[in-house]
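Numbering (our numbering), first residue to last: 5 to 160. By construction, the Cβ of each residue, glycine as well, lies at the ideal position given by its N, Cα and C atoms.
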Amino acid sequence: MTVRAARVEDAEALWRVHVASIRRLCVGWYSRDEIEAWTARLAPGGYVAAMATHALVVAEEAGAVTGFGELDAERAEVVAVYVAPDAAGRGVGATLLARLEAMAREGGLAWLTLCASLNAEAFYARHGWRPIGRERHPVGDTVAVDCVRMEKRVAA
Ligand SMILES: CC(C)(COP(=O)(O)OP(=O)(O)OC[C@H]1O[C@@H](n2cnc3c(N)ncnc32)[C@H](O)[C@@H]1OP(=O)(O)O)[C@@H](O)C(=O)NCCC(=O)NCCS
């Protein structure tokens, strides 16, 4: 597996991984309506826009994108870590998260926060993140989903 900066031509693959990841890995934690609203607002162009303002990295295996991570350094926030369902459970998420944390540390940040989807709270806790409160994360004009605000000190 390699981790590299996302490129504009990855946008469609990022969108596919994102939608599939939500549909398959968040099921059971969110209602069908919530998952529909969450995935419906996603589109390839959104990742191109994110590349301009955030750090976006992709995991690639045999030429295929198997996951991605997004860091908003200005807000000291991990915006996303999503892994393709077929690639889950073999270290892709941990590798992406470690890369984002290293980028933040190298950029001089001491702390990071994120809003973990309920299914991912244990994953982040496993990597040293601490829950600090429940939040509602808007995923459309009228729908918001429960998430857990978490934080981690990334400076030595
Ligand atoms: C959460 C997610 C990113 C984890 O990615 P992954 O590649 O499957 O995770 P990894 O294989 O790197 O797992 C790393 C460690 O975390 C643990 N872990 C992974 N997912 C977990 C989960 N849902 N609950 C508990 N532990 C989990 C693994 O057991 C592993 O532990 P180990 O090192 O002791 O073996 C992935 O399941 C995903 O994309 N979920 C849907 C999208 C999502 O909710 N993203 C977060 C948005 S905030």
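Looking only at its chain, what residues have a beta carbon closer than 7 angstroms to the beta carbon of Ser25, apart from the 5 residues adjacent to it on each side?
Within the sequence shown, numbered from 1, the residue matching residue 25 stands at position 21. For Ser25, where only same-chain residues beyond five positions count, the Cβ hits under 7 angstroms are Tyr86, Val87, Ala88 and Pro89.
Rank Val23, Ala10 and Ala159 by C-alpha distance to the C-alpha of Glu110 and give the top, closest one.
Walking along the sequence shown from the start, residue 110 turns up at place 106. When only C-alpha atoms are compared, the closest one is Ala159.
Any chance the CB of Ser35 is under 7 angstroms from a heavy atom of ligand 1?
In the sequence shown, counting from the first residue as 1, residue 35 sits at position 31. Because no heavy atom of ligand 1 lies under 7 angstroms away, the Cβ of Ser35 does not count as near it: no.
Which full runs of the beta strand (DSSP E) of 3+ residues lie inside the stretch 74-106, going along the chain?
Here the runs fully enclosed are 81-87.
Thinking C-alpha only, which one of Leu104, His141, Glu105 and Met107 is nearest Ala120?
Taking the first residue of the sequence shown as position 1, residue 120 is located at position 116. For Ala120, the nearest C-alpha among the options comes from His141.
Just the C-alpha distance for Ala9 and Val62, rounded to the nearest angstrom, thanks.
To locate residue 9, count along the sequence shown from 1; it is residue 5. To locate residue 62, count along the sequence shown from 1; it is residue 58. One C-alpha to the other measures close to 6 angstroms.
Near Glu125, which residues of its chain fall below 8 angstroms by C-beta distance, leaving aside the five closest residues on each side in sequence?
Start at 1 with the first residue of the sequence shown, and residue 125 comes out as number 121. Excluding residues within five positions, the ones whose Cβ falls inside 8 angstroms are Pro135, Val152 and Met154.
Quick check: what's the CA-CA separation for Ala17 versus Ala98?
As a position in the sequence shown, residue 17 is number 13, starting the count at 1. As a position in the sequence shown, residue 98 is number 94, starting the count at 1. When rounded, the distance between both Cα atoms is 20 angstroms.
So, for Asp76: in the same chain, excluding its five sequence neighbours on each side, which residues have a beta-carbon less than 6 angstroms away from its beta-carbon?
Residue numbering aside, residue 76 sits at position 72 when the sequence shown is read from its first letter. So the qualifying residues of the chain are His58 and Val83.
Does the distance from the CB of Val23 to the CB of Thr43 come in under 8 angstroms?
Here residue 23 refers to the residue found at position 19 when the sequence shown is read from its first residue. Here residue 43 refers to the residue found at position 39 when the sequence shown is read from its first residue. Yes; because the gap between Cβ atoms is below 8 angstroms, this pair is in contact.
For Ala108, which of Val147, Glu78, Arg11 and His131 has the nearest alpha-carbon?
If you number the sequence shown from 1, residue 108 lands on position 104. Here the closest residue by C-alpha is Glu78.
Confirm the yes/no value for this check: CB of Arg157, any heavy atom of ligand 1, distance under 7 angstroms.
Here residue 157 is taken as the residue at index 153 of the sequence shown, counted from 1. Outside the cutoff, so no.
Less than 7 angstroms between the CB of Gly95 and some heavy atom of ligand 1, yes or no?
Within the sequence shown, the letter at position 91 stands for residue 95. True, at least one ligand heavy atom lies under 7 angstroms from that Cβ.
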